[in-house]
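In this text, residue positions in the sequence shown follow the numbering used here: the first is 3, and each later residue adds one.
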Amino acid sequence: MPRRLSSLAAALVVGLVAAAVVANADPAAAAAPRPYAVQGDCAGRPATAVGMAAGYCMGLVWQGDGTDGPRTPRGLSPLANGDWLVTDLGAWTAGQGAVWRLSFDAEGAPRLRRLVQGLSLPHTVARGPDGRIYVSEMNRILTLDPDAADPQASVRTVIGGLPDNRLHDNRHPLSSFIFDGDGALLVNVGAPSDRCVDAQGRPHTTASGACIDSAETAQVRRHAYLGNGRWAEDSTVFASGLRNSIALVRHPSGTILQGENSVDLTTPDHPYDEINVLRRGGDYGWPYCVDLGTPLPGWSAAQARCGQRQRPVALLPPHAAPLDLLYYDGAMFPELRGRLLMTWHGFRRTGGRIVAVETDGQGRPLTDIGGRYALYPRGSAPYPTGAPSVRGKVLTPGWDLVAGRQPRGSPVVMAVAADGAIWVTDDRSRAILRIARK
Numbered sequence: 003m004p005r006r007l008s009s010l011a012a013a014l015v016v017g018l019v020a021a022a023v024v025a026n027a028d029p030a031a032a033a034a035p036r037p038y039a040v041q042g043d044c045a046g047r048p049a050t051a052v053g054m055a056a057g058y059c060m061g062l063v064w065q066g067d068g069t070d071g072p073r074t075p076r077g078l079s080p081l082a083n084g085d086w087l088v089t090d091l092g093a094w095t096a097g098q099g100a101v102w103r104l105s106f107d108a109e110g111a112p113r114l115r116r117l118v119q120g121l122s123l124p125h126t127v128a129r130g131p132d133g134r135i136y137v138s139e140m141n142r143i144l145t146l147d148p149d150a151a152d153p154q155a156s157v158r159t160v161i162g163g164l165p166d167n168r169l170h171d172n173r174h175p176l177s178s179f180i181f182d183g184d185g186a187l188l189v190n191v192g193a194p195s196d197r198c199v200d201a202q203g204r205p206h207t208t209a210s211g212a213c214i215d216s217a218e219t220a221q222v223r224r225h226a227y228l229g230n231g232r233w234a235e236d237s238t239v240f241a242s243g244l245r246n247s248i249a250l251v252r253h254p255s256g257t258i259l260q261g262e263n264s265v266d267l268t269t270p271d272h273p274y275d276e277i278n279v280l281r282r283g284g285d286y287g288w289p290y291c292v293d294l295g296t297p298l299p300g301w302s303a304a305q306a307r308c309g310q311r312q313r314p315v316a317l318l319p320p321h322a323a324p325l326d327l328l329y330y331d332g333a334m335f336p337e338l339r340g341r342l343l344m345t346w347h348g349f350r351r352t353g354g355r356i357v358a359v360e361t362d363g364q365g366r367p368l369t370d371i372g373g374r375y376a377l378y379p380r381g382s383a384p385y386p387t388g389a390p391s392v393r394g395k396v397l398t399p400g401w402d403l404v405a406g407r408q409p410r411g412s413p414v415v416m417a418v419a420a421d422g423a424i425w426v427t428d429d430r431s432r433a434i435l436r437i438a439r440k
């Protein structure tokens with residue numbers, strides 16, 4: 003290994019075993035992050051041992067040691083000079099989040115500088131139609147200038163008053179957003195409960211029999227663009243019946259896709275997560291229906307009215323937990339151009355994967371009937387009879403826990419670098435990784 007890579011690899015792994023991480027939303031998150039062992043080279047970065055599809059490797063850009071840098075890295079956005087912006091959830095507590103700037107010294111070693119702190123559960127960071135940088139917090143969308151002398155002083159609220167989760171009272175507090183073709187902001191507002199039932203499994207309903215949580219939440223809102231970095235505070239409901247729409251993407255043709263994290267029944271093999279094509283005014287079934295139209299326990303068929311709600315375009319493995327969708331347009335992997343990349347963040351047997359899905363000309367996933375999905379540590383399971391499943395390949399088939407070598411993958415957000423490499427955050431392991439050509 004060249005001296006630069008050798009010294010960088012050593013710096014990346016020193017002290018990681020003792021590092022602490024804030025609690026996350028799954029049982030594994032309370033443990034200290036496991037280090038990625040590195041050996042060899044992955045296109046200029048220390049290579050991890052993660053088993054990859056043929057022709058790909060995963061390099062380690064940075065992993066936290068408990069003393070500096072993001073505690074819970076989530077969003078990623080490249081800057082023109084080769085630096086990166088990274089959002090840091092911090093903790094599932096208000097005021098602990100931050101935005102960091104990741105740069106590299108002359109030897110290629112990572113350097114992190116905190117630009118903004120005191121944020122509440124920041125997630126998405128993206129460049130807007132006006133060229134400015136925008137970030138989603140739990141209850142607002144803000145803008146900041148990463149090049150300002152004092153980035154903290156440059157923070158300005160763009161849209162405020164999004165539903166506040168009152169800390170742990172809300173099951174899905176994170177906001178995320180994408181920009182539509184006309185510049186409008188499409189903003190996720192997650193459901194405040196898992197499936198709108200009480201401890202006895204009885205529905206929480208209004209006088210009309212509808213879920214009490216569905217009136218102003220469990221939806222994607224549309225805020226019209228007013229120009230010059232301004233959006234309407236008032237919004238319209240773009241789509242509803244969506245439990246958790248952290249994963250949103252717009253295709254150049256105008257297609258809007260959403261990755262649905264379905265409800266948390268105790269069974270590991272049901273219900274299935276979903277990919278939905280969002281249409282303005284569509285109702286996608288939460289909390290009444292799952293899969294291709296099955297009423298959830300606690301809701302009768304008459305209450306659920308599944309036949310009147312939009313069906314998913316494809317099912318994903320149960321508890322896969324899609325957290326990001328990205329159409330690949332880079333130069334490094336011509337075979338992936340136009341494909342839909344997904345992160346599956348789930349901590350059960352189906353999660354810890356990045357998948358490249360074939361699409362049609364409008365960006366909609368191509369599907370198969372009678373497919374199977376992979377399970378860790380080995381094996382597979384079938385989708386329901388007659389159900390459409392995404393057609394594609396897993397780029398990270400070996401991202402399961404291997405003692406002494408690697409943690410189970412927990413990929414969150416991806417971004418494509420100028421050279422076409424795919425960068426991804428791993429929040430449970432406090433890591434930023436890079437997929438490159440082997």
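Beta carbons are placed, not taken as given, at the ideal position from N, Cα and C, and that holds for glycine.
Fair warning: this is a prediction, and the values are worked out from it, not measured in the lab.
- Unbroken beta strand (DSSP E) runs of no fewer than 3 residues, entirely contained in the segment 111 to 152, are found at 112 to 121, 127 to 129, 135 to 138 and 143 to 146, following chain order.
- Contact between Gly243 and Gly287 holds, with the beta-carbon distance rounding to 5 angstroms and staying under 8 angstroms.
- In this structure, the alpha-carbon of Ile356 lies about 43 angstroms from that of Ala209.
- The beta-carbon distance between Gly61 and Ala49, rounded to whole angstroms, is 6 angstroms. This is short enough to meet the 8 angstroms contact definition.
- With distances taken between CA atoms, Ala201 lies nearest to Pro299 out of Leu164, Gly229 and Pro299.
- Within its own chain, the residues whose Cβ lies closer than 8 angstroms to the Cβ of Ala186, once the five positions on either side in sequence are excluded, are Arg224, His225, Ala226, Tyr227 and Trp233, listed in chain order.
- When the beta-carbon positions are compared, Arg313 and Val63 stay at least 8 angstroms from each other.
- Taking all protein chains shown into account, Asn230 has fewer than 16 neighbouring C-beta atoms within 10 Å of its C-beta and is therefore exposed.
- In this structure, Gly365 lies away from Leu294, with their beta-carbon atoms at least 8 angstroms apart.
- Annotation for Val426: Pro413, Met416 and Leu435 place their beta carbon closer than 6 angstroms to its own, counting only its chain and skipping 5 residues before and after.
- In the structure shown, Pro336 falls within a helical segment according to DSSP collapsed to helix, strand and coil.
- With 16 or more neighbouring CB atoms inside 10 Å of its own CB, Thr126 falls in the buried class.
- Counting along the chain, Gln305 sits inside the alpha helix (DSSP H) bounded by residues Ala303 to Ala306.
- Gln221 sits in a strand when the DSSP states are folded into three classes.
- Setting aside the 5 residues that flank it on each side, Arg252 is surrounded in the same chain by Ile180 and Ile258, each with a C-beta closer than 6 angstroms to its C-beta; the list follows chain order.
- Shown here for His206: same chain residues with a beta carbon closer than 8 angstroms to its own, the five before and five after excluded, namely Ser195, Cys198, Val199, Asp200, Cys213, Ile214 and Asp215 in chain order.
- Only exposed fits Ser302, as fewer than 16 other CB atoms lie within 10 angstroms of its CB.
- Residue state for Ala51 is assigned as coil, using DSSP reduced to three classes.
- Straight across, the Cα-Cα distance linking Gly71 with Gly57 is about 31 angstroms.
- Residue Thr361 holds the alpha-carbon nearest to the alpha-carbon of Leu327 among Gly284, Arg307 and Thr361.
- Using a 10 angstroms sphere on the CB of Asn83, the tally of other CB atoms stays under 16, which defines it as exposed.
- If you check the CB distance, Pro320 and Ala306 do not come in under 8 angstroms.
- Leu342 sits close to Pro367, with the two beta carbons spaced by under 8 angstroms.
- Measuring C-alpha to C-alpha distances from Ala419 to each of Ala55, Pro112, Ala39 and Trp86 identifies Trp86 as the nearest.
- With contacts defined as CB atoms closer than 8 angstroms, Glu262 and Arg245 qualify as a contacting pair.
- DSSP, reduced to helix, strand and coil, places Gly261 within a strand of the structure shown.
- In this structure Arg374 is exposed. Its beta-carbon is surrounded by fewer than 16 other beta-carbon atoms within 10 angstroms.
- With a beta-carbon spacing of about 6 angstroms, Ala39 and Gln408 fall inside the 8 angstroms limit used to define contacts.
- Secondary structure of Ser177 (DSSP, three-state): coil.
- When beta bridges are read from the DSSP output, Thr427 appears opposite Ile434.
- The beta-carbon separation of Ser178 and Ile135, rounded to 15 angstroms, does not stay under the 8 angstroms limit for a contact.
- Taking the CA atoms as reference points, Leu325 sits about 19 angstroms from Gly99.
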